[in-house]
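Each remark here refers to the structure printed beneath this line.
Protein chains: 2
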Amino acid sequence: MTQPVYDRVALIGLGLIASSMFWAIKRSGLAGEVTGYARSAETRETARRIGLCDRVCESAAEAVEGADLVVLCVPVGAMAPVMQQIAPVLKPGATLSDVGSVKGHVVEAILPHLPEGVHFVPAHPLAGTEHSGPESGFAELFDNRWCLLVPVEGSDRDAVDRLRRLWQGMGANVDEMDADHHDLVLAVTSHTPHLIAYTMVGVADDLRRVTDSEVIKYSAAGFRDFTRIAASDPTMWRDVFLTNKEATLEILGRFTEELFALQRAIRTGDGDHLHDYFTHTRAIRRGIIEAGQDTDAPDFGRGQAGGQTGGTDK
Amino acid sequence: MTQPVYDRVALIGLGLIASSMFWAIKRSGLAGEVTGYARSAETRETARRIGLCDRVCESAAEAVEGADLVVLCVPVGAMAPVMQQIAPVLKPGATLSDVGSVKGHVVEAILPHLPEGVHFVPAHPLAGTEHSGPESGFAELFDNRWCLLVPVEGSDRDAVDRLRRLWQGMGANVDEMDADHHDLVLAVTSHTPHLIAYTMVGVADDLRRVTDSEVIKYSAAGFRDFTRIAASDPTMWRDVFLTNKEATLEILGRFTEELFALQRAIRTGDGDHLHDYFTHTRAIRRGIIEAGQDTDAPDFGRGQAGGQTGGTDK
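Heads up: the protein sequence lines correspond to chains A and B, in order.
In this text, residue positions in the first sequence follow UniProt numbering: the first is 1, and each later residue adds one.
In this text, residue positions in the second sequence follow UniProt numbering: the first is 1, and each later residue adds one.
Here it is, written out as structure tokens:
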């Protein structure tokens, strides 16, 4: 067991991330006591039944009282109302953090309510599954994944370093960047790809001449991965797009611009344009493998999915 | 060892699919002799060095002579010229097949050159990796994957059934459908998703404010899967889009229509529209899991990739 990083941690919102944080904290003894609160009585009941949190409280204020670290694990759109409830009881010297997928909006929502003497250190663990709710968490979720810390102007250095130790203790690699850059990077690597996957799955389902069973049966890794991405929590993703509007719309604009150029090449039969583009993206992939960020084993991942994943279908 | 399905099989083109076919045929003793031909002298030399094919020939005609089954494993755009070379030497009663990802165009390219008494049975194995070339093949590529047979009008029933036995012997599940339906299904499940993945990878690379290393480092399953898809063989994919133009453009049209609706919802802040859409696509995913076509294990696939794949990033 490691030395605890915090005496008391409060988790507000008990979904996939919070429940995984609890089990990861317990796995390595990173906190003395972990309290929890969820808005829904049913979620609180489930949490008590499965032993999620040392103490499940009946209000956010109760859970937060006396905590050295408070982590807001609610959808981005719910941050401000929750903050209003807990601001009066936040302990002076405590650290306040969150796990939202958008950072600029969260900073704007939280800062006006931040009491003097409370350290605000926004964070974003780049980890998730297609599941949500208090029973979906597991201690290994953050192992070898990145957690991005997004300190705001005047963030206390000690508070940042302590939060970093917590995330490292939960298995994550930690980096720091500013909120605007975070939101742009995530718009590229995560938010826009998710919207595209959602769209493609919706199109496939709409097309009545191709049955759902055909779509499912004959799709290998590519499309099946799209369906997995498109199964993530709807509320969380609605809030992501509404609050990272500017960066997402910018990347979407770039995306449709490129897509239209390829579409025109298909329509006009411009094989050279297509070949050049595909050669270029292949080189990007080679760069990723050379950087050691992925494996190029040809049967990659297939064993785990009954021979139906890995590789690309044609 | 199974009883051989064919005395002599000729593979024209020695890339990923043909080389995998050779090893899968050898694994189960499905043919007496397998001859091979590739246009490039370098490829033929490599094939001889690694023992790919029982006999590597210096011309397509030589490889085809006396073969009971000839399989065209060249890019879709190269089918017609190859067919012109081999038509005069095809053995009466032999079966001619292919492995192209587009079927309508291949049928149109081949039929005018088909000699009397030769049975044409187009096929498409739904299997691949990001790799290409004679050294990329492996015997397990088709295990538990689908191979679609696309008989043309007047295809000999015995010839179809025999080819089915070969593909089953190589580990594949076999279905039959007509060429137009095949091309539409594949436009939905494979061709359009590939184009989208190519586009997204191109966008990420173009965006100078986000470095490539950031794109790579902070992208989990979603975007990383896109890069894998976007690394497939450029020539093959160029030909797919040029020859399945109509279906691909139709699905692309539907895709951009849906994407623009979601984009407008983001811009206008219409959270209900987004939430409804995402709830619907989540239900599609649940349908796939209930149909037993995929696993919903939360740490799905992670073990195989150093904890960096599986799940969706946020």
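Note that CB positions come from ideal geometry on N, CA and C, so glycine has one too.
Quantities reported herein were computed from a predicted structural model and do not represent experimental measurements.
Closer than 8 Å is the cut-off here; do at least three beta carbon pairs connect the segment 186 to 199 of chain A with the segment 214 to 232 of chain B? They touch, by the three-pair rule.
Is the beta carbon of Thr46 of chain A closer than 8 Å to that of Glu135 of chain A? yes
Would you tell me roughly how many angstroms separate the C-alpha atoms of Ser28 of chain B and Gln168 of chain B, rounded to the nearest one? 11 Å
Should Thr129 of chain A be labelled buried (16 or more other beta-carbon atoms within 10 Å of its own) or exposed? buried
Are any of the Cβ atoms in chain A nearer than 8 Å to that of Thr248 of chain B? yes
With DSSP as the reference, label Lys314 of chain B as helix, strand or coil. Its pLDDT being 37, under 50, Lys314 of chain B is placed unreliably by the model, and the measurement read from it follows with that caveat. Of the three classes helix, strand and coil, the one that applies to Lys314 of chain B here is coil, per DSSP.
Between which two residues does the beta strand (DSSP E) holding Glu176 of chain A run? Asn173 to Glu176
Who are Ser132 of chain B's beta bridge partners in DSSP? BP columns for Ser132 of chain B are empty, so no partner.
Kindly say whether Asp313 of chain B, judged by its beta-carbon, lies nearer than 8 Å to any beta-carbon of chain A. Residue placement at Asp313 of chain B cannot be trusted, given a pLDDT of 35 that sits under 50; what the coordinates show is reported in the next sentence. Answer yes: the Cβ-Cβ gap between Asp313 of chain B and chain A drops below 8 Å somewhere.
Is Pro75 of chain B near the ligand GTP, with its Cβ less than 7 Å from a heavy atom? In terms of ligand content, the structure shown is empty, and the ligand GTP therefore cannot be addressed.
What are the residues in the segment 231 to 245 of chain B lying within 7 Å of chain A by C-beta distance? Ala231, Ser232, Pro234, Thr235, Trp237, Arg238, Phe241, Leu242 and Lys245
Name the one or two DSSP bridge partners that Ile12 of chain A has. For Ile12 of chain A, which the question treats as bridged, DSSP gives the partners A:Tyr37 and A:Leu72.
Please report whether the beta-carbon of Trp23 of chain B lies at a distance below 8 Å from any beta-carbon of chain A. Interface annotation, Trp23 of chain B: not in contact with chain A, CB-CB separation never under 8 Å.
Is there a Cβ of chain A sitting closer than 8 Å to that of Phe255 of chain B, yes or no? yes
Thinking C-alpha only, which one of B:Gly271, B:Ile25, B:Phe120 and B:Ala38 is nearest Leu96 of chain B? It is B:Phe120 whose Cα lies nearest to the Cα of Leu96 of chain B.
When burial is assigned at 16 or more other CB atoms within 10 Å of the CB, is Gln84 of chain B buried or exposed? By the 10 Å Cβ count, Gln84 of chain B comes out exposed.
Under DSSP, the beta strand (DSSP E) around Pro88 of chain A begins and ends at which residues? For Pro88 of chain A, there is no enclosing beta strand (DSSP E), as DSSP gives it neither H nor E.
Out of curiosity, what's the CA-to-CA distance linking Leu126 of chain B and Leu149 of chain A? 42 Å
Using a Cβ-Cβ cutoff of less than 7 Å, which residues in the same chain neighbour Leu52 of chain B once the five nearest sequence positions on both sides are dropped? These residues qualify, in order along the chain: Leu14, Ser19, Phe22, Gly36 and Pro134.
Would the beta-carbon of Leu274 of chain A fall within 8 Å of that of Ala283 of chain A? no
Would you say Leu72 of chain A faces chain B, with C-beta separation under 8 Å as the test? no
Is Met79 of chain B closer than 8 Å to Val118 of chain B when the C-beta atoms are compared? no
Since I believe Val152 of chain B is in contact with Pro115 of chain B (beta carbons under 8 Å), could you give me their beta-carbon distance rounded to a whole number of angstroms? Rounded, the Cβ-Cβ distance is 15 Å, inconsistent with contact.
Three or more C-beta pairs closer than 8 Å, one from the segment 171 to 185 of chain A and one from the segment 258 to 272 of chain B: is that the case here? Using a Cβ-Cβ distance cut-off of 8 Å, the segment 171 to 185 of chain A and the segment 258 to 272 of chain B are not in contact, since fewer than three pairs of beta carbons, one from each stretch, lie closer than that value.
Short of 8 Å in beta carbon distance, which residues of its chain neighbour Asp7 of chain A, apart from the five on each side in sequence? Order them along the chain. Ala31, Gly32, Glu33 and Asp68
Rounded to whole angstroms, what is the Cα-Cα separation between Gly77 of chain A and Asp143 of chain A? 27 Å
Let me know if Pro75 of chain B comes out buried or exposed under the rule of 16 or more other beta-carbons within 10 Å of its beta-carbon. buried
Taking 8 Å as the CB-CB limit, is Ile284 of chain B close to chain A? Closer than 8 Å: yes.
Determine, using beta carbons only, whether Gly13 of chain A comes closer than 8 Å to chain B. no
Express the C-alpha separation of Ala139 of chain A and Ile86 of chain A in angstroms, rounding to a whole number. Their Cα atoms are separated by approximately 27 Å.
Can you tell me whether Gly269 of chain A is buried or exposed? The criterion is at least 16 other CB atoms within 10 Å of its CB, across all chains shown. exposed
Checking 8 Å against the spacing of the C-beta atoms, do Val82 of chain A and Ile196 of chain A come in under that value? no
Since I believe His124 of chain A is in contact with Gly154 of chain A (beta carbons under 8 Å), could you give me their beta-carbon distance rounded to a whole number of angstroms? Between His124 of chain A and Gly154 of chain A the Cβ distance is about 20 Å, and since that is not below 8 Å, they are no contact.
Can you pull the chain B neighbours of Arg267 of chain A, defined as C-beta to C-beta under 8 Å? Lys245 and Leu249
Is there a Cβ from chain B that is less than 8 Å from the Cβ of Met200 of chain A? At a cut-off of 8 Å, the C-beta of Met200 of chain A has a neighbouring C-beta in chain B.
Please give me, in chain order, every unbroken run of the alpha helix (DSSP H) with length at least 4 that falls completely inside the segment 214 to 253 of chain A. 221 to 229 and 234 to 243
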